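Peer 1: Following this message is one structure expressed as structure tokens.
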Amino acid sequence: GKRILCPSSTEDPNTDAWNVHLEWTNLTADEWSMAGAIGGQEELDAIQPTILAHDDENVQILCRARQGKIVESWSHDGGNTWSNLAETTMPNNNSGIDAVQMSDGRGLLVYNHMGLERNRWGGRRSPLNVAITPDGKNWEAALVLEDERGEYSYPAVIQTADGLVHITYTWKRERVKHVVVDPAKLVTRPIVDGKWPE
Numbered sequence: 100g101k102r103i104l105c106p107s108s109t110e111d112p113n114t115d116a117w118n119v120h121l122e123w124t125n126l127t128a129d130e131w132s133m134a135g136a137i138g139g140q141e142e143l144d145a146i147q148p149t150i151l152a153h154d155d156e157n158v159q160i161l162c163r164a165r166q167g168k169i170v171e172s173w174s175h176d177g178g179n180t181w182s183n184l185a186e187t188t189m190p191n192n193n194s195g196i197d198a199v200q201m202s203d204g205r206g207l208l209v210y211n212h213m214g215l216e217r218n219r220w221g222g223r224r225s226p227l228n229v230a231i232t233p234d235g236k237n238w239e240a241a242l243v244l245e246d247e248r249g250e251y252s253y254p255a256v257i258q259t260a261d262g263l264v265h266i267t268y269t270w271k272r273e274r275v276k277h278v279v280v281d282p283a284k285l286v287t288r289p290i291v292d293g294k295w296p297e
């Protein structure tokens, strides 16, 4: 029968280790099983994965990480087995990210386009950006949601049946902000070597 692939992660309170894993469930969510193991977690600390299902076979997870880059793993068999974690070219400031596979086939990522700063646990959580990819490898700058001082973090994103994208995120740790975007109207520019275009 049909199954749902769910991204998940754990934090060990004794060792501070982070681990990413995926679980399968049936449509009624009363039966659960672990998906294939993800290697490379000894070198890369990753957590809070989000999924892009590029097609039925090619599935990608993108993860928050401590190393200053968004980390990824790929499955080419519909989520049963996974590649070792590897860094992408996209920066990450040890802050949460979220993504959605849109109805036009492109992936949309909401994240802070900011790497880690020296001698800090995490990086600044501004700006908050939207990037789009046709394939999970090549990214295009689409939108800056926030770029003022403050913390803009923990985004969540969905696409509704009318094609609009709804994004929520923590706004300066004071409230949750809701933004609606029409992805058909976004003008994109390539992100080269992880640098947001001017």
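Numbering (the numbering used here), first residue to last: 100 to 297. Glycine included, each C-beta is placed from N, C-alpha and C at the ideal position. Note that the structure is predicted; figures quoted are calculated from it, not measured.
Spell out the partners DSSP gives T267 in its beta bridges.
Peer 2: Locating residue 267 in the sequence shown gives position 168, counting from the first residue. Beta-bridge analysis with DSSP links T267 to A255, H277.
Peer 1: Using only alpha-carbon positions, find the residue among K101, V286, V264, G293 that is nearest to V279.
Peer 2: Along the sequence shown, one-based indexing puts residue 279 at 180. Closest option to V279, Cα to Cα, is V264.
Peer 1: Kindly indicate which three-state DSSP category A283 falls into: helix, strand or coil?
Peer 2: Here the question's residue 283 lines up with position 184 in the sequence shown. The answer is helix: DSSP assigns A283 an H, G or I state.
Peer 1: For M133, does the three-state DSSP call read helix, strand or coil?
Peer 2: By one-based count along the sequence shown, residue 133 stands at place 34. Three-state DSSP puts M133 in a strand.
Peer 1: Between which residues of its own chain and V158 is the CB-CB distance below 6 Å, once the five residues before and five after are set aside?
Peer 2: On the sequence shown, position 59 is the one that residue 158 refers to. So the qualifying residues of the chain are A152, S174, G178.
Peer 1: For K168, is the classification buried or exposed, using 16 other Cβ atoms within 10 angstroms of its Cβ as the cut-off for buried?
Peer 2: Here residue 168 is taken as the residue at index 69 of the sequence shown, counted from 1. That one is buried.
Peer 1: Considering Cα atoms alone, identify which of P289, I257, A283 is closest to H277.
Peer 2: Residue numbering aside, residue 277 sits at position 178 when the sequence shown is read from its first letter. Considering only alpha carbons, the answer is I257.
Peer 1: If I measure Cβ to Cβ from I150 and keep anything under 6 Å in the same chain, skipping five residues before and after, which residues do I get?
Peer 2: Counting from one through the sequence shown, the residue named residue 150 turns up at place 51. Taken in chain order, the residues that qualify are P106, I160.
Peer 1: Evaluate T318 with the Cβ neighbour count: other Cβ atoms within 10 Å of its Cβ, from every protein chain shown; 16 or more gives buried, anything less gives exposed.
Peer 2: One cannot answer for residue 318 here, as it falls past the ends of the chain, which runs 100 to 297.
Peer 1: Within the same chain, show all residues whose beta-carbon is closer than 7 Å to that of A241, passing over the 5 residues directly before and after it, in chain order.
Peer 2: Within the sequence shown, numbered from 1, the residue matching residue 241 stands at position 142. Counting only Cβ-Cβ distances below 7 Å, and skipping sequence neighbours, we find V229, A230, I231, L285, T287.
Peer 1: Apart from the five residues on each side of it in sequence, which residues of its chain come closer than 8 Å, Cβ to Cβ, to I103?
Peer 2: Taking the sequence shown and counting its residues from 1, the one referred to as residue 103 is at position 4. Excluding residues within five positions, the ones whose Cβ falls inside 8 Å are W123, T124, N125, L126, A128.
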